[in-house]
Amino acid sequence: MTETTLAILMVVALLGLLSLGVWIGLALMGVGFIAMALFTSRPVGDALATTVWSHSALWGLASLPLFIWMGEILFRSRLSQGLFNGLSPLMRHLPGGLIHVNIVGCATFAAISGSSAATLATIGKITVPELKKRGYPDNMAYGTLAGASTLGLLIPPSIIMIVYGVTAQESITRLFMAGIFPGLMLAVLFMGYIIIWGMLNPAGRALREDRASWSERGRGILQLAPVVGLILIVIGSIYAGVASPTEAAVLGVLGALMLSILEGSLNWDKFIDGLMGATKTTAMIMLLVAGSAFLTLAMGFTGLPRALAEWIGGMNLSPWMLIAALTLFYVVLGFFLDGISSIVLTMAVVEPLVRGAGIDMIWFGIFVVLVAEMAMITPPVGFNLFLVQSMTGRDLGFIARSALPMFLLMVVGVILLTVFPQIALWLPEYLTSKG
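Numbering (this note's numbering), first residue to last: 2 to 436.
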């Protein structure tokens, strides 16, 4: 059987399992099982058991449940309300008014949650009612929220970066460093769009509010202090070399618990709910990682990745052409899968191609996370679109159209990251040289 026929059979098997509603992680294991059982002589049982166990016990994944738990604790606390109250007097005088709180709020909360869903749910439950009460257009409020919440994937500590780092065997600390400036770049692009809307659109000009007094700004900064302090502890300890990502995650959980206790919003029920939420999310991601690892092993035994790499290598694509093709590939894949699933599903094939083309894998990690962000707001399976729909009750088509400008700005972000790779690489290179 040729490699082309084998690839077609594996794709058909995967699509068949997914169409039956099988969990993605189990579907990946199933396709790997079929490929190894039918097309190799390797015993399947011991390979499956060894691979699942070894990849579930990787030390690099130890920080994953802790960062998720930290986000769950903060999601259930009143710190999110303090975040909005603190940002409002600092943002409301800008063109576009309080819509900027969606962007800055999501960027700030992303730095302590690592999850796009947690970022959207936390910021959205505060900003959506406030913006509606003040007369801001639904399309701007909902579209910017859907787009800005994807910063939870790019700004560290990022859950998807941990998954990529383990899958591609790259430094999670360097990936965290590399995500800072691209995340800020995307936030600036989003805010620039809101400023232009606020200056050119009649509704935007009418909604611009008066500048806050210095006393209001001072009170706002005080309300932001706990969240900013937690960010500095978690991210600063990693960049300063004081703590590993796992140790920083422990500090983050302890800090989140202490802040929640001090503000009086943590009770036993919320503690258990946060713990269970973190457990469910971690279990889902670990199943994806284990399924991807076994499929990678099975494909290696069939020789499919090598054949595919040789085929693409024979096309003599330049690194730029390869990146352009992968961008289109991941955008199309994002129509049907979420970001984490897209990465773990394809990394077995994509990684050798990228390494072979001489592309820096740290840079590629930021690139693929940024493209995965785009998948979060692309119908029909844009997860963030569904979250905004459940929060607002508006139809999915309206929300998707509202988020389209944010999608286009992400395309601009991908282009800038490709043309100027040092946006992602300068900080890890600088800090590594200083260390």
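We put the CB at the ideal spot given by N, CA and C, even for glycine. Fair warning: this is a prediction, and the values are worked out from it, not measured in the lab.
For Ser391 against Asn140, the beta-carbon gap comes to about 18 Å, at or over 8 Å, which does not count as contact. The Cβ atoms of Leu99 and Arg93 sit closer than 8 Å to each other. Between the segment 109-128 and the segment 146-158 there are three or more inter-stretch CB-CB distances shorter than 8 Å, so the stretches are counted as touching. In this structure, the alpha-carbon of Leu318 lies about 21 Å from that of Leu334. Take Ala257, set aside five residues on each side of it, and the residues of its chain with a beta-carbon closer than 6 Å to its own are Met71, Ile74 and Leu75, in chain order. Here the segment 132-147 makes no contact with the segment 170-186; the two share fewer than three CB pairs at distances below 8 Å. If you look at Thr303, you'll find it in the alpha helix (DSSP H) that goes Trp269 to Thr303. Taking the C-beta atoms as reference points, Ile400 is found no nearer than 8 Å to Val412.
Exposed is the label assigned to Ile273, since fewer than 16 other Cβ atoms lie within 10 Å of its Cβ. In the structure shown, Ala244 adopts coil according to DSSP, grouped into three states. Within the same chain, Cβ atoms closer than 6 Å to the Cβ of Ala38 are found at Val45, the five residues on either side in sequence being excluded.
Within the segment 392-432, the complete alpha helix (DSSP H) segments at least 4 residues long are 397-420, listed from N- to C-terminus. For Pro66, the enclosing alpha helix (DSSP H) starts and ends at Ser64 to Phe76. Cβ atoms of Leu432 and Ala250 stay farther apart than 8 Å, at about 19 Å. About 7 Å separates the Cβ atoms of Leu231 and Leu260, confirming a contact at the 8 Å cut-off. The alpha-carbon separation between Leu323 and Val355 amounts to approximately 8 Å. Bounds of any alpha helix (DSSP H) do not take in Ser214, whose DSSP letter is neither H nor E. Relative to the Cα of Ile196, the nearest Cα in the group Val13, Ile363 and Ile104 belongs to Ile104. Membership of Arg79 in any alpha helix (DSSP H) is not indicated, and neither H nor E is assigned to it by DSSP. With a beta-carbon spacing of about 14 Å, Leu288 and Val32 fall beyond the 8 Å limit used to define contacts. Secondary structure note for Ala112: its alpha helix (DSSP H) is the uninterrupted segment Ile100 to Ser114. Your pair Leu225 and Gly87 checks out as a contact, with CB atoms roughly 4 Å apart and the cut at 8 Å. The straight-line gap separating the alpha-carbon atoms of Ser343 and Gln82 is approximately 33 Å.
The Cβ neighbour count for Pro130, taken over all protein chains shown within 10 Å, is under 16; the residue is labelled exposed. Under the DSSP assignment, Leu329 falls in the alpha helix (DSSP H) whose first and last residues are Pro320 to Leu334.
In this structure, Val415 lies away from Thr347, with their beta-carbon atoms at least 8 Å apart. For the 8 Å CB-CB criterion, Val235 and Leu252 form a contact. A residue is called buried when at least 16 other Cβ atoms come within 10 angstroms of its Cβ; Phe421 does not meet this threshold and is exposed.
The C-alpha of Ile239 is placed about 10 Å away from the C-alpha of Pro158.
Residue state for Gly22 is assigned as coil, using DSSP reduced to three classes.
Annotated as proximal: Ile341 and Val164, with beta-carbon spacing under 8 Å.
DSSP, reduced to helix, strand and coil, places Thr379 outside both helices and strands of the structure shown, so it counts as coil.
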